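What follows is a single structure, written as structure tokens, with notes after it.
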Amino acid sequence: AKNVGILAFDIYFPPSYVQQEALEAHDGASKGKYTIGLGQDSMAFCTELEDVISMSLTVVKSLLEKYEIDPKQIGRLEVGSETVIDKSKSIKTFLMQIFEKYGNSDIEGVDSTNACYGGTAALFNCVNWVESSSWDGRYGLVVCTDSAVYAEGPARPTGGAAAIAMLIGPDAPIAFESKLRGSHMSHVYDFYKPNLASEYPVVDGKLSQTCYLMALDSCYKNFSHKYEKLHGKQFFISDADYVLFHSPYNKLVQKSFARLVFNDYLKNSSSLDEAAKEKLEPFSTLSGDESYQSRDLEKASQQVAKPLYDAKVQPTTLLPKTVGNMYTASLYAAFVSLIHNKHSTLANNRVILFSYGSGLTATMFSLRLHDGQHPFTLSNIAKVMDVGGKLKSRHEVTPEKFIETLKLMEERYGAKDFVTSKDTSLLSPGTFYLTEVDSMYRRFYATK
Ligand code: ACO
């Protein structure tokens, strides 16, 4: 199989959202802290009607219908998620409800979990399967689904929720450059979920930011090294048309891109113009540790990187800023944003992706874009996803109502014997929703 990669995308996010500006005021944070400080506009969240299972049912059904894929043609289904509803039964098995109806139970794959990295692990599994000798000629399907919620405090505005589905196969408009991958994996406690009675993570915010940047540096070095071996020349950010990041909040993406530009400067200062060199020169002798702590370096490199950021990163930030951190789906929501904004000009472009999951696991990898063949063309993908329409039909909720919802969800987490609200008015037709959890903790879903 050649040009294996992503044939099609679809995305679902909940219709309820809170404005960061309103949340900021409600929380008593200083004006601009969430919007400029974190760089976020608004945040989607699940009400009692939705969870990671309902969202993934919705997005899988929608992808199959909109691209007219026969459910019998799916041979592997992999889910990435860090939202634990059941410690044994995979989300994948819930999705089998869709396929069993069509007589297809012959589908490999289960769930992958490591914080925000599970979706990338799932994607690699599916791509590797299509490239392998055990491939049976059918499609792979990857689902990234998460509901990101935090306890009251500074991390709360960095939540979000969504599910993304990706159809995998050969001759893809979004093809892997499989040899170009650099990873960094290590044992740290930056963000983890040891309390099995709570949906909330334990998070060391400052450490998680530094871990993210260290993993980025390391992945970029490994990635560049492989590029050099393959192509016989150094890799620079100018070799990528777009750079996509896992996006916990936009400010970290701005800092991360600037960090890559600083890496290019350290690798070969002649990759930058004179003015940029002059700005970065004072930091050329900092040790690694010092460089992660230096606010002056952060500022100078962000300044130098700004025009490149506007061209190569800004078009990827729409959904991460307006839906929030979607954990496993965040990186792929950046991709969805890029296709939404630039579908007609992306052919032949190279896109570099950085996937990060706390704990920690991280990979940088490369994809090549092609026009593709109907229905798997970049412009059809943009049309099917209808990001603009989906954003327009959302409903703003007050911070008070958002917090009330989170309280109810705290009680519901791990609970049994309850039915959910009958009011499904905010859901659009075709959306799956949770109706009941019975006395045996079995979950039941219906479609609007
Ligand atoms: N106007 C403009 N900017 C402001 C204002 C204001 N009024 N007030 C603060 N800021 C800026 C700060 O200067 C800072 O920006 P800077 O780093 O560029 O200086 C930014 O807002 C954040 O403020 P801090 O006080 O530094 O941090 P805070 O206590 O709000 O916590 C954090 C932020 C750590 C990101 C927290 O939200 C968190 O823990 N989130 C979850 C963990 C996370 O997302 N980690 C990332 C990788 S791991 C993952 O994906 C889960």
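According to UniProt numbering, the sequence shown is numbered sequentially starting from 2. Cβ coordinates follow ideal geometry from the N, Cα and C atoms, glycine included. As the structure is a computational prediction, the values presented were derived from the model and not from experiment.
Here's a check: name, in chain order, each residue in its chain whose Cβ is nearer than 8 Å to the Cβ of residue i, leaving out the five neighbours to either side.
| i | result |
| --- | --- |
| S440 | K417 and D418 |
| N349 | R369, L370 and H371 |
| S394 | P16 and S429 |
| T378 | P174 and D372 |
| T287 | Looking at the sequence shown, residue 287 is not Thr but Leu. Around L287: S295 and L298. |
Have a look at residue i and residue j and give me their C-alpha separation to the nearest angstrom.
| i | j | result |
| --- | --- | --- |
| P16 | P321 | 15 Å |
| H185 | S135 | 28 Å |
| G120 | A330 | 7 Å |
| T36 | A26 | 11 Å |
| L427 | H396 | 8 Å |
| V144 | S82 | 8 Å |
| I353 | E437 | 42 Å |
| Y193 | D205 | 9 Å |
| Q41 | T323 | 7 Å |
| S106 | I92 | 15 Å |
| Y414 | S271 | 55 Å |
| Q20 | Q255 | 21 Å |
| G358 | R444 | 28 Å |
| E109 | I70 | 18 Å |
| Q374 | L8 | 9 Å |
| L435 | A447 | 7 Å |
| P72 | A276 | 56 Å |
| G154 | L409 | 18 Å |
| M215 | C47 | 32 Å |
| Q74 | F336 | 25 Å |
| V128 | L197 | 32 Å |
Are residue i and residue j close, meaning C-beta to C-beta below 9 Å?
| i | j | result |
| --- | --- | --- |
| C117 | D147 | yes |
| A259 | P283 | no |
| F95 | L58 | yes |
| G183 | H232 | no |
| N126 | R77 | yes |
| E229 | F236 | yes |
| T432 | S55 | yes |
| K3 | P174 | no |
| A162 | A149 | yes |
| D28 | R139 | no |
| I123 | F14 | In the sequence on display, residue 123 carries Ala and not Ile. No. Outside cutoff. |
| N251 | T318 | yes |
| Y243 | K180 | no |
| V189 | P195 | no |
| N326 | P400 | no |
| E200 | V111 | no |
| V61 | I99 | yes |
| L39 | D191 | no |
| R10 | M167 | Checking the displayed sequence, the identity of residue 10 turns out to be Phe instead of Arg. In this structure, M167 lies closer than 9 Å to F10 by Cβ. |
From what residue to what residue does the alpha helix (DSSP H) around residue i run?
| i | result |
| --- | --- |
| D147 | First-last for D147: Y140 to A149, but that is the beta strand (DSSP E), not the alpha helix (DSSP H). |
| D28 | Q21 to D28 |
| G289 | G289 to Q294 |
| D107 | No alpha helix (DSSP H) contains D107, which DSSP labels as neither H nor E. |
| V244 | Unbroken run through V244 is the beta strand (DSSP E), Y243 to F246; no alpha helix (DSSP H). |
| M56 | V53 to K67 |
| residue 1 | Summary: the structure shown does not reach residue 1, with the chain confined to residues 2 through 449, and so no result is reported for it. |
| G325 | From DSSP, G325 is part of no alpha helix (DSSP H); its letter is neither H nor E. |
| T406 | P400 to R413 |
Got a sec? Which residues, its chain only, sit under 7 Å from residue i by beta carbon, not counting five neighbours each side?
| i | result |
| --- | --- |
| S356 | Y118, T121, H247, L332, A363 and T364 |
| S422 | E49 and L50 |
| W130 | R77, W136 and G141 |
| K34 | E25 |
| V262 | I238, S302, V305, A306 and L309 |
| S219 | H185 |
| S345 | S380 |
| Y442 | K417 |
| A176 | N4, V5, G6, L368, R369 and H371 |
| S292 | F284 and L298 |
Taking residue i as part of the beta strand (DSSP E), name the residues at either end of that continuous run.
| i | result |
| --- | --- |
| E437 | F433 to V438 |
| H185 | I175 to M186 |
| E79 | I75 to G81 |
| L347 | Taken as a continuous stretch (DSSP letters only), L347 belongs to no beta strand (DSSP E), as it is neither H nor E. |
| G206 | Counting along the chain, G206 falls outside any beta strand (DSSP E), though it belongs to the alpha helix (DSSP H) covering G206 to H232. |
| F445 | R444 to T448 |
| R369 | T362 to L370 |
| F95 | It is not in any beta strand (DSSP E) - F95 instead sits in the alpha helix (DSSP H) that spans I92 to E101. |
| D11 | G6 to Y13 |
| G161 | G161 to G170 |
Give me, in chain order, the residues of the same chain whose beta-carbon lies closer than 6 Å to that of residue i; leave out the 5 immediate sequence neighbours on both sides.
| i | result |
| --- | --- |
| Y266 | L273 and L281 |
| F403 | V19 |
| E22 | T36 |
Q.
For the segment 269 to 282 against the segment 205 to 213, do three or more pairs of beta-carbon atoms, one drawn from each stretch, fall closer than 8 Å, so that the two count as touching?
A. Flag = no, the segment 269 to 282 and the segment 205 to 213 do not touch.
(Q) Whether or not the segment 382 to 391 and the segment 337 to 353 are in contact is what I'm after, with contact meaning three or more pairs of Cβ atoms, one per stretch, closer than 8 Å; do they touch? (A) A contact exists between the segment 337 to 353 and the segment 382 to 391.
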